[in-house]
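One structure is given here, and the rest of the page talks about it.
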Amino acid sequence: MRRKKINQLHQHIGITRYRLAKEIGVPQRRIGEIVMGKRAVTPDTGLRLSRFFGMSDGFWVGLQTDYDLAVTRHAMQVVLN
Numbered sequence: 001m002r003r004k005k006i007n008q009l010h011q012h013i014g015i016t017r018y019r020l021a022k023e024i025g026v027p028q029r030r031i032g033e034i035v036m037g038k039r040a041v042t043p044d045t046g047l048r049l050s051r052f053f054g055m056s057d058g059f060w061v062g063l064q065t066d067y068d069l070a071v072t073r074h075a076m077q078v079v080l081n
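Position 65 of the sequence shown, counting from 1, maps to 65 under full-length UniProt numbering, and the rest follow consecutively.
Given below as structure tokens:
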């Protein structure tokens, strides 16, 4: 979900991952890895994305937490039942 959302937003406003990274002051690789699902959204990156896209401060970290919880719930399915 988080990678889909970031991909949709930067494409919607017509900027590249490179430009997004430059605008929020992070390496391009970080944005690419988040979009590809190889990196989590940290609070630092989450705040930068939130401010850039005009969202609440906790939006991106909340998406990351929801994703992490879903992955953990799936992995622990046998234990939890």
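Each residue gets a CB set at the ideal place from its N, CA and C atoms; glycine is no exception.
Check: residue 86 to residue 43, Cα distance in whole Å?
Finding: In this structure the chain extends from 1 to 81, so residue 86 is not present and cannot be described.
Next item on the list: Quick one: grab the DSSP three-state call for residue 42.
Entry: Numbered from its first residue, the sequence shown carries residue 42 at position 42. The three-state secondary structure of residue 42, taken from DSSP, is coil.
Notebook entry, point to check: Which two residues bound the contiguous alpha helix (DSSP H) that contains residue 65?
Noted result: Start at 1 with the first residue of the sequence shown, and residue 65 comes out as number 65. Run containing residue 65: 59–75, per the alpha helix (DSSP H) assignment.
Next item on the list: Following the continuous alpha helix (DSSP H) through residue 32, name the residue where it begins and the one where it ends.
Entry: Here residue 32 is taken as the residue at index 32 of the sequence shown, counted from 1. Per DSSP, residue 32 belongs to the alpha helix (DSSP H) from 28–35.
Check: With respect to the alpha helix (DSSP H) encompassing residue 24, which residues constitute its N-terminal and C-terminal limits?
Finding: The sequence position of residue 24 within the sequence shown is 24, counting from 1. First-last of the alpha helix (DSSP H) with residue 24: 17–24.
Check: Mapping DSSP to helix, strand and coil, what is residue 136?
Finding: With the chain represented from 1 up to 81, any question about residue 136 goes unanswered, as that position is not in the structure.
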